[in-house]
Amino acid sequence: MKLVTKNTLTYLFITLLVFLIGGFIFYSQLKNIIDEEATEELFHKKDEVIAFVNKTHKFPEPIGIGELISFAATPSPVTSTLKDTLMFFEAEGEILPYRQLIFNITLSGQNYRAIISKPMFESDDLIHAITTSFILLAILLIIVLLLSNFIISKKVLKPFFNSLDTLNNYDIEKHQVINLKKCGTTEFDQLNTAIHKMSTKISSDFNNLKAFAENASHELQTPLAIIKTKSELLLQGEELKNEQVKQLLDINQTASRAAKLNQTLLLLSKIENNQFPGKERINFSEIVGKKIKMYEELFSMKDIVITTFIQDTQVSLHPALADIIVSNLLSNAVKYTPTFGLIEVECSSKNLIVSNTGQPLKASPEQLFQRFYKENQEADSTGLGLALVKQVALINNHTISYTYDGGKHVFTYSF
Amino acid sequence: MKLLLVEDEKNLADSIVTYLKQAGYVCETANDFASADEKTSLYQYDCILVDITLPGGNGLELIKKLKKSKTKSGIIIISAKNSVDDKIAGLDLGADDYIAKPFNLAELNSRIRSVLRRRNFEGDKEVSFNEISIKPDNQMAFVNNAAITLTKKEYDLLLFFITNKNRVLTKETIAGHLWGDDMDMADSYDFIYTHIKNLRKKLVDKGSGDYVKTVYGMGYKFGN
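Chains as they are written, first to last, in my numbering: chain A, 1 to 415; chain B, 1001 to 1224.
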């Protein structure tokens, strides 16, 4: 529900409640005043009657419509009482409430009971009149309320909706700092300041994290370089036993592997953080051709037959990322194609398809693109190649998919 | 050949110096920006190896200064940052080569030799070992002055061997040199064998001695 609607409904509910209570109070106040007025009039009438009787020594004729005066002889004097009763009102032909004042009056030594009756206003009529005017008021109020809310949402809430739009379009991956204009409304200005602070913090946190990851990764390379060079020097020793050579080689190669892993992780985080900005029109088919040439020796060594179907393809992409896509898909294919297997590379402006023969996957296709997933626990693989490709696809709004079809693993990278 | 190694990590500097001394260079070290600046202004070096991150300054700044003073030294950047931007920045400043840590010492040696050759410090540009000689300018190899036809890979391999003669070269080092770091796959080590076998055959056929020794389980060694 919209804020304005919610506000309006709350206002309406409260207003109606106030109107209801107000109406009731109004009604009872009004009724009280009328009642008092009626009573006063009765007493006034009584004084007039007594004065009339004292002066003329006879009872007056009833005066006015609906007002009744009656006299009846009574043996003992009655005490003055005021009471409400219902009586038939001839003029309107219905039973109406009356207020009666009963008092004692003496004429020629005889006690009379005098009753003055006065019809009261009908509560129904009163309630009706009040309700009607209150409903009219309420309708007027609703119209005013809707109108003012419309104006509020158009004018007063505008900066809020602007901020909302900005937040909706905020891409957390881009780590921008949001700067919103001052609008003069305290709360919205506070909100905008908070948004500004938050986005600044996000951006600086991101930069710190980025710097930390890069520094940590670079700092690691130096000790690895030391391990590598020291083991390389040791390998030059003349009197090494075969077992020692093997250990030294393992040390040397493990250091290389750690360095490679380190570099690849840094690369992955750089891609994730969009640190390869700027696309350019590149000849993708040319890159594919070059890479295949590079891998030719690997293919022939495993007696892999490679078929290519490469169309001239121009793609808008960062060159380094294009390189990552092609080399990782190719090296993945070489790694998992058995000897005498087949590799097919198809490149068109729509997609790049690399397929190779091989046994079906042991894992689910989704796992394939996860970091550190290795189909075979091959020591030399970092398990990051396909994760890199997936990440490149993600930031470029491309897709990479995998299917196993007719004894072939098919990777399709669609632009 | 006189080299200056600018590297703040003493352990690493020691290893590099040991290897390069064994390879026949005179090698001095500087472990921060100030001492590197001082040494380069006082002495003449044939090649200077510069780490980018240094205490007291940036290696790139040092290169800028060197280039301003119109140095004749070859410059190789050795950096822990394997970053394309750094590489481009360094080469734009006039560095001759860029090698990322961790590297193989044999590879570093080969890069130094190549820079020195290009800068013509070695007098005649011929690289030779006994009856084998190489003219890097036109990428030709000779046995007893008779030209032999080598593929690009075989030629690179021979030059790498002669540059690092009498050194044990692991298959990984050779693969890295021939195909670059992008292709370090265990599989690739095996086909080094094919190239070495062919090179050996071509050399021996032309009457050269068989200098390539297989070091069991490890790699190869070129020498007497």
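Note that CB positions come from ideal geometry on N, CA and C, so glycine has one too.
Since we're looking at a predicted model, the values are computed, not measured.
Short CB-CB distance (under 8 Å) between residue i and chain A
| i | result |
| --- | --- |
| residue 1081 (chain B) | yes |
| residue 1111 (chain B) | no |
| residue 1012 (chain B) | yes |
| residue 1217 (chain B) | yes |
| residue 1104 (chain B) | yes |
| residue 1029 (chain B) | no |
| residue 1016 (chain B) | yes |
| residue 1154 (chain B) | no |
| residue 1086 (chain B) | no |
| residue 1025 (chain B) | no |
| residue 1009 (chain B) | yes |
| residue 1092 (chain B) | no |
| residue 1160 (chain B) | no |
| residue 1019 (chain B) | yes |
| residue 1190 (chain B) | yes |
Reduced DSSP category for residue i - H, G, I as helix; E, B as strand; rest coil
| i | result |
| --- | --- |
| residue 333 (chain A) | helix |
| residue 1160 (chain B) | helix |
| residue 405 (chain A) | strand |
| residue 1080 (chain B) | coil |
| residue 367 (chain A) | helix |
| residue 1135 (chain B) | strand |
| residue 280 (chain A) | strand |
| residue 1128 (chain B) | strand |
| residue 36 (chain A) | helix |
| residue 356 (chain A) | strand |
| residue 1098 (chain B) | strand |
| residue 1074 (chain B) | strand |
| residue 1142 (chain B) | strand |
| residue 316 (chain A) | strand |
| residue 1019 (chain B) | helix |
| residue 1011 (chain B) | helix |
| residue 169 (chain A) | coil |
| residue 973 (chain B) | Since the first residue shown for chain B is 1001 and the last is 1224, residue 973 (chain B) is missing from the structure and cannot be characterised. |
| residue 19 (chain A) | helix |
| residue 24 (chain A) | helix |
| residue 351 (chain A) | strand |
| residue 1003 (chain B) | strand |
| residue 361 (chain A) | coil |
| residue 1150 (chain B) | coil |
| residue 327 (chain A) | helix |
Rounded Cβ spacing between residue i and residue j (contact assumed at less than 8 Å)
| i | j | result |
| --- | --- | --- |
| residue 113 (chain A) | residue 130 (chain A) | The Cβ separation is near 38 Å, so there is no contact. |
| residue 231 (chain A) | residue 220 (chain A) | Actually they are not in contact, since the Cβ atoms of residue 231 (chain A) and residue 220 (chain A) sit about 17 Å apart, beyond 8 Å. |
| residue 272 (chain A) | residue 391 (chain A) | 6 Å |
| residue 166 (chain A) | residue 180 (chain A) | 6 Å |
| residue 388 (chain A) | residue 261 (chain A) | Not a contact, Cβ separation roughly 12 Å. |
| residue 1075 (chain B) | residue 1063 (chain B) | 6 Å |
| residue 1102 (chain B) | residue 225 (chain A) | 4 Å |
| residue 398 (chain A) | residue 414 (chain A) | 6 Å |
C-beta neighbour in chain B for residue i, strict 8 Å
| i | result |
| --- | --- |
| residue 384 (chain A) | no |
| residue 225 (chain A) | yes |
| residue 357 (chain A) | no |
| residue 297 (chain A) | yes |
| residue 391 (chain A) | no |
| residue 264 (chain A) | no |
| residue 339 (chain A) | no |
| residue 222 (chain A) | yes |
| residue 301 (chain A) | yes |
Beta carbon proximity, residue i to chain E, threshold 8 Å
| i | result |
| --- | --- |
| residue 1101 (chain B) | Judged by its chain identifiers, the structure shown contains no chain E, and its protein chains are A and B. |
Check your understanding: Which ranges would you report for the alpha helix (DSSP H) in the region 371 to 401 of chain A if only whole runs of at least 4 residues count?
Key -> Runs found: 385 to 395.
Exercise for review: Tell me the start and end of each unbroken beta strand (DSSP E) in the region 59 to 114 of chain A that is at least 3 residues and wholly inside, in chain order.
Suggested key: 68 to 73, 81 to 89 and 94 to 107
**Study point:** Contact list for the region 227 to 259 of chain A against chain B, Cβ threshold 7 Å
**Key:** 228, 229, 230, 232, 233, 235, 236, 242, 245, 246, 249, 252, 253, 255, 256 and 259
Exercise for review: Could you tell me which uninterrupted beta strand (DSSP E) segments, each at least 3 residues in length, are contained entirely in the region 1035 to 1070 of chain B, listed from first to last along the chain?
Suggested key: 1047 to 1051
Practice item. Determine which residues of the region 1162 to 1173 of chain B have a Cβ less than 7 Å from any Cβ of chain A, and write them out in chain order. Key: Identification of residues in the region 1162 to 1173 of chain B having a C-beta nearer than 7 Å to some C-beta of chain A yields 1167, 1168, 1170 and 1172, given in sequence order.
**Study point:** Near-chain B residues of the region 268 to 284 of chain A - C-beta to any C-beta below 8 Å
**Key:** none
Point to revise | Cβ-based contacts, 9 Å cut-off: residues of the region 180 to 203 of chain A near chain B | key: Residues of the region 180 to 203 of chain A with a Cβ closer than 9 Å to any Cβ of chain B: none.
Point to revise | Completely contained alpha helix (DSSP H) runs for the region 255 to 311 of chain A, where each covers 4 or more residues | key: Listed in chain order, the alpha helix (DSSP H) runs fully inside the region 255 to 311 of chain A are 284 to 301, counting runs of at least 4 residues.
Check your understanding: Residue ranges of each alpha helix (DSSP H) run of no fewer than 4 residues wholly in the region 176 to 259 of chain A, ordered along the chain?
Key -> 186 to 235
Exercise for review: Anything in the region 315 to 337 of chain A with a Cβ closer than 8 Å to a Cβ of chain B? List those residues in chain order, please.
Suggested key: 320, 327, 331, 334 and 335
Review point. Name the residues in the region 202 to 218 of chain A whose C-beta lies less than 9 Å from a C-beta of chain B; which are they?
Key: 214, 217 and 218
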